[in-house]
Amino acid sequence: RADDLVWGSEVGIDRLKNWFEGYNGRYTGNLFVLIMTRIPIVLRVVFQIVIMILFIKFIYDIMAKNSNAIGLFLILFVLMPLSVFTQTITWISGFANYITSAVLIFFHMKMVYGILLDNRKYQFWMIVLLGLICFIGQFILETATIYLVVFYLSANILYIIQSKKISICLFVNFILTVTGAFCMFMNSAYSAALKGETTTTYKEITITDNILSLIGEWWLKFVDNIVPKWIAMNHLINIILMVLLLLMWSV
C-alpha cells in the first residue's frame, strides 16, 4: 500500500518529529505503524498473529455463555470476503489502526461485562493498569475513541442503576476515555477539517446550523455509500444472518 511506503520512509519520521501535529491525533496508532513498517517481517507477522489471537479470544470470552452466538460469529467470520480479509492483514496502516482498536474495544467489553454481570472486583494496581490501557487506547481511531466514551458512560449509568453505587474502576476509565478523547481532538488537524482548511476530502467535516439539513446529508451519504458497499453487496451474509437470528430467537 502507498501509505505504508510513506510511513516507512523519511516522511513518517518527519511526522513523528512534530508529534503528528496537523496530521491526526492517532498518536498510539501512528507509533504502531512507524514501528511495524520498520521491524523485520517475521516480527511483524508475530505481532499480527498475537493481535488476531487476542481478537478471537476476547470475542470468545464475551460470547462464552451463548454457544449460538459463538457459532454465528464463526459463520460470519468464514463468510468474510477473502479480499477484505487479506487487505486488512496486509495493509499495515489499516491493521495497526482498525484491528488494534477493535481488539481494545472487545477487551473493554470483556472487562465491563465482568463488572456488570459477574460483579468482578479489581485491586488498585489493576485499576491503574486498566486506566492506562484506557487512556493510551484512545489515540488509535477516532470512531473507537468516541465509542468508548459513550460505552463507559453507559456502563457507569447501568452500574449505578444496578448497584446503587459508583464503580471506581468504571468511573476512572470513563474519566480517562474523556480525557483521551479531548487530547486527541486537540490536534489542529481536526479544527482544520472543521474549518474546511484541509486539502484532503476524507478529512473534511461538514457543519450546518440546520440540524435537519445535517441529518439529511448524513442519511444521503449512508444511502449512497454505505448501503451499496456494505449491505446490498452482501446478500448471502445478510440472508444467513437473518435466518440464524430467527433460529436463535425461537430457541
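Heads up, the final residue of the sequence shown is numbered 298 in the working numbering, and it's a clean run with no missing numbers.
The beta-carbon is built from N, C-alpha and C at its ideal position, and this holds for glycine as well.
Since the structure is predicted, the reported quantities are computational estimates derived from the model, not experimental observations.
Opening and closing residue of the alpha helix (DSSP H) in which residue i lies
i           : result
residue 191 : 189-210
residue 186 : Unbroken run through residue 186: none, as it is neither H nor E.
residue 95  : 88-110
residue 142 : Counting along the chain, residue 142 falls outside any alpha helix (DSSP H), and DSSP gives it neither H nor E.
residue 238 : 235-242
residue 148 : 147-165
residue 215 : 215-232
residue 79  : 74-83
residue 64  : 57-64
residue 51  : 49-54
Beta-carbon gap between residue i and residue j smaller than 8 angstroms
i           : j           : result
residue 72  : residue 231 : yes
residue 147 : residue 79  : yes
residue 209 : residue 163 : yes
residue 139 : residue 61  : no
residue 158 : residue 109 : no
residue 102 : residue 153 : yes
residue 69  : residue 236 : yes
residue 59  : residue 84  : yes
residue 81  : residue 54  : yes
residue 135 : residue 145 : yes
residue 96  : residue 150 : no
residue 67  : residue 234 : yes
residue 213 : residue 207 : yes
Segment contact, 8 angstroms Cβ cut-off, at least three pairs: the stretch 175-188 with the stretch 216-230 | They touch, by the three-pair rule.
Segment contact, 8 angstroms Cβ cut-off, at least three pairs: the stretch 191-206 with the stretch 164-171: With a cut-off of 8 angstroms, the stretch 164-171 and the stretch 191-206 do not count as touching, because too few Cβ pairs lie within range.
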